[in-house]
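A.B. asks:
2 protein chains.
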Amino acid sequence: MKETRMSDPEIFVSAAGPDFSRQFPGFDRLTHPRVVIDEPTLLGNIGKMSALVAGRAQLHPHVKTHKSLEIARLQSRQGATGFTAARPYEVLMLLEAGLAPVTLAYPLLCTETIKTLLSAAGDAQDIRFIADSPETIAALADGARLAGRKAHVFLKVDVGLHRCGIDPQGDSGLVLARQIDSEPLLAFAGLLSHAGHAYGAGNPEKVAAIAGSELEIMRALRTRLQKDGMETPCISIGSTPTILANAGFDGIDEVRPGNYVFYDLTAVRLGLVDRRDIALGVAARIVSVNDHFAIANVGSKTLSSDLGAHGTSGTTAFGEAWTPDRDQPFLVAKLSEEHAFLQYSGPRPPVGTPILILPNHSCPVANLSGGMQMLGDTPRLVAIDGFVR
Amino acid sequence: MKETRMSDPEIFVSAAGPDFSRQFPGFDRLTHPRVVIDEPTLLGNIGKMSALVAGRAQLHPHVKTHKSLEIARLQSRQGATGFTAARPYEVLMLLEAGLAPVTLAYPLLCTETIKTLLSAAGDAQDIRFIADSPETIAALADGARLAGRKAHVFLKVDVGLHRCGIDPQGDSGLVLARQIDSEPLLAFAGLLSHAGHAYGAGNPEKVAAIAGSELEIMRALRTRLQKDGMETPCISIGSTPTILANAGFDGIDEVRPGNYVFYDLTAVRLGLVDRRDIALGVAARIVSVNDHFAIANVGSKTLSSDLGAHGTSGTTAFGEAWTPDRDQPFLVAKLSEEHAFLQYSGPRPPVGTPILILPNHSCPVANLSGGMQMLGDTPRLVAIDGFVR
């Protein structure tokens, strides 16, 4: 992870690939395609994020990136004081492992699910929900009644991604915060945002501008609520780009980055990290070569077809395939379900050549893996934990 | 499945969505997002493909589309006389279930895997491999020696996708067929092709032209081999588009379509089927609405980010979200990992609205599902079988 120095964007981009002298040891001896993690790089990423946030905000990483209790525990040991999840089963996995509190940063409508999650929490504060509409608040109130427990609810604020969240310029924030507050079994937990549009910002200055705008929006909304007589217990923000290229954390209580454990080419293209900060790759081999392409034995069922996060992209390629003996990657020009089409020039790369593919977006790659191979001093399989849905 | 009438391409495209009066019953009562299958449509697709192929070629469906033993058994009951797979674990799943012979339509380099697969087969002919290079033939010979069994090997032929396969215009086909034939523990099984570039053809006439070209290429190569003194026991071709918009099956022994069990919007855009032939959808709900988008509770971790097959696409949207009360779908304009951004015009659709998303590409959706909900007279969960890798 590079320091975010706004004055010199060029320093953020490096053409160097993985440092195979120390990274991803043994990837080229694997006989099957595998999603691999370089352990020292992973630990470095976790440690640097913790250091960046320490003393400035609580760190509640989003586990959707890895879905692994082993990695969540590494984050916990390095200062994470809570976690964030996107699906109910991710919450249950964390609660069962004692990794609380967990914020389910997703609006729920199913009262049975809300009841199940509330009942699974040791303490009612071990789980926090979000809502952004009368309907989702009503569902949480019903679920809390079913469980016989109080549900802690953040008001989700749209700071520009235009996904979930109330419009901070309108009056619905005040109306809905009051609605939460007025429900006997709901507690207003605060304001929560995700500036995912930062993934489309293009460079660190523009990411930092989005981070600054997010801060202003959230603080202004807190002030409006305060004038209306409502205290905001917590402001929670988060996306890896806006935490790295931050605008300070003044007034922020909690941050929820996820992707930073692995990074990927999207973070490199944003100028936020080097390729050598990427901890997750796909170990594969060239299995066929023709006049047009070299073909590797992984496709969209391993790499996903993501060009970036939230549909953003600065690329038309599906990844970069690096080898220890070349200083440029083969670009992944096309994907079938189980094949990657690699562009090459010059002599044909030999059939059997091991490659390490750096993905555009590491989160769906981990999700597709069914288990990741940790490479380092103690090679081992890292499980994708929990059940599906 | 529409009949493939080349003279009138317009008839292949219908703007009508699913017929909710008979298709996907109960999708709107599901409380969680689910990949769903309409059983009568599935059975119809399987039956029509069987009828199309019956008496003209052996039908060896590709199971990568569903990865389900239950659906493979339905295909078996409807005339499938063998199966095709892309990953070793898919082969093992089929062999253990007694669904042989299985063609692993993928070049292998790992001799241990080859040995494992050969050893798992009841009869050596229950598994058939492919090769397209001296290296993959050598690996198969080594694996056969390790297993102490004969390996049956197709020569893979590149008919225009430029993925795996020998160039049929060059001499490597003859050289490699001889190499297979000369190995004491390898048996030359024949010629095998996949005209996946048909997915980019755009209309049924162009698909049929590719199908015709594939036939010519394969028959010409067989003739060349014959002149060289080598008999070709089997010509195996296959892709759903080129079987539907076929150019006849003269000289073809075996076909290997996969996608036809479910179809998807790619097949609709090619003009090969109607939306009402699509048997797989994603049941979801609108969970948030803003001035820009309606947001549904499934994203790229459910729908994949595929725009088509093999990187082809005639679209920039990630699917169509249909509801029973609208005659036009909401287009899926963007995807986050767990959210779909739906375009809407006019009044805001209510939070909680159930939607059925027809995907661009059904195969990766089934793969991501972890299990599919069958809808029809006997609602049940259809397992994704086998272990991962």
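Residue numbers (my numbering), protein chains in the order written: chain U, 183 to 571; chain Y, 183 to 571. Just so it is clear, CB atoms sit at the ideal spot from N, CA and C, and this is done for glycine as well. The structure presented is a predicted model; accordingly, all values stated were derived computationally and were not measured.
For Gly220 (chain Y), name the three-state secondary structure that DSSP assigns.
C.D. replies: In the second sequence, residue 220 (chain Y) corresponds to position 38, counting from 1. With the sequence shown as reference, residue 220 (chain Y) is identified as Asp, and Gly is not the correct amino acid for it. When secondary structure is reduced to three states using DSSP, Asp220 (chain Y) falls in the strand class.
A.B. asks: Could you name the residues of chain Y that Pro546 (chain U) contacts, counting a contact when the two beta carbons are closer than 7 Å?
C.D. replies: Against the first sequence, residue 546 (chain U) aligns to sequence position 364. Result: Ser482, Lys483, Glu519.
A.B. asks: Just the C-alpha distance for Glu398 (chain Y) and Leu407 (chain Y), rounded to the nearest angstrom, thanks.
C.D. replies: Residue numbering aside, residue 398 (chain Y) sits at position 216 when the second sequence is read from its first letter. Residue numbering aside, residue 407 (chain Y) sits at position 225 when the second sequence is read from its first letter. If you take the alpha carbons of Glu398 (chain Y) and Leu407 (chain Y), they lie about 14 Å apart.
A.B. asks: Do Leu241 (chain U) and Ala262 (chain U) have their C-beta atoms closer together than 8 Å?
C.D. replies: As a working note, residue 241 (chain U) is residue 59 in the first sequence. As a working note, residue 262 (chain U) is residue 80 in the first sequence. Contact: yes.
A.B. asks: For Ser364 (chain Y), is the classification buried or exposed, using 16 other Cβ atoms within 10 angstroms of its Cβ as the cut-off for buried?
C.D. replies: What you label residue 364 (chain Y) is simply residue 182 of the second sequence in a count that begins at 1. Exposed is the call here.
A.B. asks: I'd like to know whether the C-beta atoms of Ser487 (chain Y) and Asp488 (chain U) end up nearer to each other than 8 Å.
C.D. replies: By 1-based counting over the second sequence, the position of residue 487 (chain Y) is 305. By 1-based counting over the first sequence, the position of residue 488 (chain U) is 306. Cβ distance < 8 Å, so Ser487 (chain Y) and Asp488 (chain U) count as in contact.
A.B. asks: From this set, U:Pro215, U:Met231, U:Ala515, U:Gly384, which residue's C-alpha is nearest Arg451 (chain U)'s C-alpha?
C.D. replies: Translated into positions along the first sequence, residue 451 (chain U) becomes position 269. Looking at the Cα atoms, U:Gly384 is the closest of the given residues.
A.B. asks: Rounded to the nearest angstrom, what separates Ala236 (chain Y) and Ile228 (chain Y) at their Cα positions?
C.D. replies: For the purposes of this step, residue 236 (chain Y) is taken as the residue at position 54 of the second sequence. For the purposes of this step, residue 228 (chain Y) is taken as the residue at position 46 of the second sequence. So the two alpha carbons sit approximately 12 Å from each other.
A.B. asks: Who are the Cβ neighbours of Ile319 (chain Y) in its own chain at under 8 Å, not counting the five residues just before and after it?
C.D. replies: By one-based count along the second sequence, residue 319 (chain Y) stands at place 137. Ala313, Val335, Leu358, Gln361, Ile362, Glu365, Leu368, listed in sequence order.
A.B. asks: Run through the DSSP bridge pairs and tell me what Ile296 (chain Y) is partnered with.
C.D. replies: Sequence index remark: in the second sequence, residue 296 (chain Y) carries index 114 (1-based). DSSP lists no partner for Ile296 (chain Y).
A.B. asks: Cα separation between Thr186 (chain U) and Asp456 (chain U)?
C.D. replies: Here residue 186 (chain U) is taken as the residue at index 4 of the first sequence, counted from 1. Here residue 456 (chain U) is taken as the residue at index 274 of the first sequence, counted from 1. For Thr186 (chain U), the predicted model reports a pLDDT of 37, less than 50, meaning its position is unreliable and no value from the coordinates is stated.
A.B. asks: According to DSSP, which residues form a beta bridge with Thr285 (chain U)?
C.D. replies: Here residue 285 (chain U) is taken as the residue at index 103 of the first sequence, counted from 1. Bridge partners of Thr285 (chain U): U:Thr266, U:Arg310.
A.B. asks: Sort U:Trp504, U:Gly304, U:Ala287, U:Pro541 by Cα distance to Thr497 (chain U) and report the nearest one.
C.D. replies: Residue numbering aside, residue 497 (chain U) sits at position 315 when the first sequence is read from its first letter. Of U:Trp504, U:Gly304, U:Ala287, U:Pro541, the residue nearest in Cα terms is U:Pro541.
A.B. asks: Alpha carbon to alpha carbon, how far is Glu502 (chain Y) from Leu356 (chain Y)?
C.D. replies: Position 320 of the second sequence holds residue 502 (chain Y). Position 174 of the second sequence holds residue 356 (chain Y). One C-alpha to the other measures close to 47 Å.
A.B. asks: Alpha carbon to alpha carbon, what distance is there between Gly534 (chain U) and Phe581 (chain U)?
C.D. replies: With chain U covering 183 to 571 only, the question about residue 581 (chain U) has no answer from this structure.
A.B. asks: Grab me the residues of Leu281 (chain U)'s own chain with a C-beta within less than 7 Å of its C-beta, minus the 5 sequence neighbours each way, in chain order.
C.D. replies: Here the question's residue 281 (chain U) lines up with position 99 in the first sequence. Correct list, in chain order: Ala254, Ser258, Phe265.
A.B. asks: Select from Y:Gly208, Y:Tyr288, Y:Glu520 the residue whose C-alpha is nearest the C-alpha of Ala267 (chain U).
C.D. replies: Counting from 1 along the first sequence, the entry for residue 267 (chain U) is found at position 85. Residue Y:Glu520 is the option with its Cα nearest to Ala267 (chain U).
A.B. asks: State yes or no: is the C-beta of Thr247 (chain U) within less than 8 Å of the C-beta of Gly440 (chain U)?
C.D. replies: Here residue 247 (chain U) corresponds to residue number 65 of the first sequence, with the count starting at 1. Here residue 440 (chain U) corresponds to residue number 258 of the first sequence, with the count starting at 1. Yes, Cβ-Cβ distance for Thr247 (chain U) and Gly440 (chain U) is below 8 Å.
A.B. asks: Using CA atoms only, rank isn't needed, just tell me which of U:Ser250, U:Asp410, U:Pro289 is closest to Gln573 (chain U).
C.D. replies: Nothing in the structure corresponds to residue 573 (chain U), since chain U is present only between 183 and 571.
A.B. asks: Taking the alpha-carbon of Pro529 (chain Y) as reference, which of Y:Leu234, Y:Gly382, Y:Ala476, Y:Arg467 has the nearest alpha-carbon?
C.D. replies: By 1-based counting over the second sequence, the position of residue 529 (chain Y) is 347. With distances taken between Cα atoms, Pro529 (chain Y) lies closest to Y:Ala476.
A.B. asks: Output needed for Asp559 (chain U): all residues of its chain with C-beta closer than 8 Å, excluding positions within five of it in sequence on either side, in chain order.
C.D. replies: Numbered from 1 along the first sequence, position 377 holds the residue referred to as residue 559 (chain U). So the list reads Glu221, once near-sequence residues are dropped.
A.B. asks: So, with DSSP's three-state summary, where would you put Pro536 (chain U)?
C.D. replies: The count along the first sequence starts at 1 and reaches residue 536 (chain U) at position 354. Residue state, collapsed to three classes: strand.
A.B. asks: Is it right to say Thr422 (chain Y) is buried, meaning 16 or more other beta carbons lie within 10 angstroms of its own, or is it exposed?
C.D. replies: For the purposes of this step, residue 422 (chain Y) is identified with residue 240 of the second sequence, where counting begins at 1. With 16 or more Cβ atoms within 10 Å of its Cβ, Thr422 (chain Y) is classed as buried.
A.B. asks: Starting from the Cα of Phe202 (chain U), find the closest Cα among U:Tyr288, U:Leu557, U:Ala393, U:Leu563 and give me that residue.
C.D. replies: If you number the first sequence from 1, residue 202 (chain U) lands on position 20. The candidate whose alpha carbon is nearest that of Phe202 (chain U) is U:Leu557.
A.B. asks: Considering only residues of the same chain and omitting the five flanking positions on each side of Ile296 (chain U), which have a CB-CB separation below 8 Å?
C.D. replies: Translated into positions along the first sequence, residue 296 (chain U) becomes position 114. Leu290, Phe311, Ala321, Leu322, Asp324, Gly325, Ala326, Leu328, Ala329, Ala333.
A.B. asks: Could you work out which residue in U:Val443, U:Ala465, U:Ala402, U:Ala449 is closest to Leu256 (chain U) when comparing CA atoms only?
C.D. replies: As a position in the first sequence, residue 256 (chain U) is number 74, starting the count at 1. Out of U:Val443, U:Ala465, U:Ala402, U:Ala449, the CA that lies nearest to the CA of Leu256 (chain U) is found in U:Val443.
A.B. asks: Among Y:Ile417, Y:Met412, Y:Cys545, which has the Cα closest to the Cα of Lys338 (chain Y)?
C.D. replies: As a first step, residue 338 (chain Y) is located in the second sequence; it is residue number 156 there, counting from the start. Of the candidates Y:Ile417, Y:Met412, Y:Cys545, the one whose C-alpha sits nearest the C-alpha of Lys338 (chain Y) is Y:Ile417.
A.B. asks: Using 8 Å as the threshold, is the C-beta distance between Gly199 (chain U) and Trp504 (chain U) below it?
C.D. replies: As a position in the first sequence, residue 199 (chain U) is number 17, starting the count at 1. As a position in the first sequence, residue 504 (chain U) is number 322, starting the count at 1. In this structure, Trp504 (chain U) lies closer than 8 Å to Gly199 (chain U) by Cβ.
A.B. asks: Are Gly463 (chain Y) and Phe206 (chain Y) close, meaning C-beta to C-beta below 8 Å?
C.D. replies: Within the second sequence, the letter at position 281 stands for residue 463 (chain Y). Within the second sequence, the letter at position 24 stands for residue 206 (chain Y). Yes, these two residues count as a Cβ contact at 8 Å.
A.B. asks: Could you work out which residues of chain Y lie near Leu291 (chain U), taking near to mean beta carbons separated by less than 7 Å?
C.D. replies: Taking the first sequence and counting its residues from 1, the one referred to as residue 291 (chain U) is at position 109. Chain Y residues near Leu291 (chain U): Arg467, Val469, Gly534.
A.B. asks: Can you find a CB in chain U that lies within less than 8 Å of the CB of Asp353 (chain Y)?
C.D. replies: The residue given as residue 353 (chain Y) occupies position 171 in the second sequence. By this cut-off, Asp353 (chain Y) is not an interface position.
A.B. asks: Look at the alpha carbon of Asn549 (chain U) and the alpha carbon of Lys409 (chain U), and state the distance between them as a whole number of angstroms.
C.D. replies: Stepping through the first sequence from its first residue, residue 549 (chain U) is reached at position 367. Stepping through the first sequence from its first residue, residue 409 (chain U) is reached at position 227. Between Asn549 (chain U) and Lys409 (chain U), the C-alpha separation is close to 44 Å.
A.B. asks: I want to verify the contact list: residues of chain U whose CB lies under 9 Å from the CB of Cys346 (chain Y), in sequence order.
C.D. replies: Here residue 346 (chain Y) is taken as the residue at index 164 of the second sequence, counted from 1. Within 9 Å Cβ-Cβ: Val469, Ser470, Asn472, Ile477, His521.
A.B. asks: Under the three-state reduction of DSSP, which class applies to Leu454 (chain U): helix, strand or coil?
C.D. replies: As a position in the first sequence, residue 454 (chain U) is number 272, starting the count at 1. In the structure shown, Leu454 (chain U) sits in coil (DSSP, three-state: anything other than H, G, I, E or B).
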